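Colleague:
In my numbering, the protein residues as written are 24 to 190.
Structure (structure tokens):
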């Protein structure tokens with residue numbers, strides 16, 4: 024059962040990634056990206072990493088995508104005629120996919136019980152294991168990523184700043 028769910032989540036994640044890139048609407052692309060994040064959380068849950076699964080949902084599908092959607096809504100340009108013409112009836116069925124993925128995650132967690140999937144004995148996705156890796160083995164990489172994010176924030180602020188004399 025776990026193997027089937029692993030491949031199902033992998034296929035759904037790949038399909039959502041393709042739809043993210045292929046979507047003509049930025050909002051639809053963001054929704055597909057959220058669906059891809061939910062499928063990644065399902066893979067983490069199947070691999071006995073509940074902490075990583077919850078972080079995937081809270082941080083990426085929650086906070087980061089809210090920020091992306093806020094920026095998309097603030098910078099939304101005019102609606103192109105091709106976007107309006109491309110809407111079909113089948114989109115309602117595609118909108119049900121994220122809800123179905125969440126239902127499959129919950130059913131798999133309930134059906135799994137106490138057995139560990141894929142025959143894995145150590146639980147490596149706990150908060151203590153992640154903290155141990157981030158603050159010991161990968162401390163330099165963790166600090167470099169924080170510096171890169173700080174530089175990206177400063178760059179975004181300087182690019183978004185209005186120049187004097189411009190509307």
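Cβ atoms here follow ideal geometry from the backbone N, Cα and C, with glycine treated the same way.
Predicted model only: the values in this text are computed from it and were never measured.
Are the segment 160 to 172 and the segment 82 to 97 touching, with three or more C-beta to C-beta distances below 8 angstroms?
Modeller: no
Colleague: What is the DSSP secondary structure of residue 160, counted as helix, strand or coil?
Modeller: To locate residue 160, count along the chain shown from 1; it is residue 137. Residue state, collapsed to three classes: helix.
Colleague: Is residue 69 near residue 28, with beta carbons less than 9 angstroms apart?
Modeller: Taking the chain shown and counting its residues from 1, one reaches residue 69 at position 46. Taking the chain shown and counting its residues from 1, one reaches residue 28 at position 5. Contact: yes.
Colleague: Are the CB atoms of residue 77 and residue 61 within a distance shorter than 9 angstroms?
Modeller: Here residue 61 refers to the residue found at position 38 of the chain shown. Here residue 77 refers to the residue found at position 54 of the chain shown. It is not a contact, given that the beta carbons lie outside the stated cut-off.
Colleague: Assuming residue 56 and residue 43 are in contact, meaning their beta carbons sit under 8 angstroms apart, how far apart are those beta carbons, in whole angstroms?
Modeller: Mapped onto the chain shown, residue 56 falls at position 33. Mapped onto the chain shown, residue 43 falls at position 20. Yes, residue 56 and residue 43 are in contact; Cβ-Cβ is about 5 angstroms, under 8 angstroms.
Colleague: Output the distance between the C-alpha atoms of residue 93 and residue 53, rounded to the nearest integer angstrom.
Modeller: For this step, residue 93 is matched to residue 70 along the chain shown. For this step, residue 53 is matched to residue 30 along the chain shown. Taking the straight line from one Cα to the other gives about 11 angstroms.
Colleague: Taking buried to mean at least 16 other C-beta atoms within 10 Å of its own C-beta, is residue 178 buried or exposed?
Modeller: Within the chain shown, numbered from 1, the residue matching residue 178 stands at position 155. The residue in question, residue 178, is exposed, as its Cβ has fewer than 16 Cβ neighbours within 10 Å.
Colleague: Report the rounded CA-to-CA distance for residue 123 versus residue 84, giving the unit in angstroms.
Modeller: Taking the chain shown and counting its residues from 1, one reaches residue 123 at position 100. Taking the chain shown and counting its residues from 1, one reaches residue 84 at position 61. So the two alpha carbons sit approximately 16 angstroms from each other.
Colleague: For residue 48, which three-state DSSP category applies?
Modeller: Here residue 48 refers to the residue found at position 25 of the chain shown. Correct three-state label for residue 48: coil.
Colleague: In whole angstroms, what is the alpha-carbon distance linking residue 40 and residue 47?
Modeller: Position 17 of the chain shown, counting from 1, holds the residue named residue 40. Position 24 of the chain shown, counting from 1, holds the residue named residue 47. If I take the Cα positions, the gap works out to 14 angstroms.
Colleague: Work out the CA separation of residue 121 and residue 72 for me, nearest whole Å.
Modeller: Translated into the one-based positions of the chain shown, residue 72 becomes position 49. Translated into the one-based positions of the chain shown, residue 121 becomes position 98. Roughly 21 angstroms separates the two Cα atoms.
Colleague: Let me know the secondary structure DSSP gives residue 24 once reduced to three states.
Modeller: Stepping through the chain shown from its first residue, residue 24 is reached at position 1. In the structure shown, residue 24 sits in coil (DSSP, three-state: anything other than H, G, I, E or B).
Colleague: For residue 144, which residues of its own chain have a beta-carbon under 8 angstroms away from its beta-carbon, when the five flanking residues on both sides are left out?
Modeller: Taking the chain shown and counting its residues from 1, the one referred to as residue 144 is at position 121. At residue 144 the pLDDT is 46, less than 50, meaning the model places this residue with poor confidence; the figure from the coordinates comes in the next sentence. Correct list: empty, nothing qualifies.
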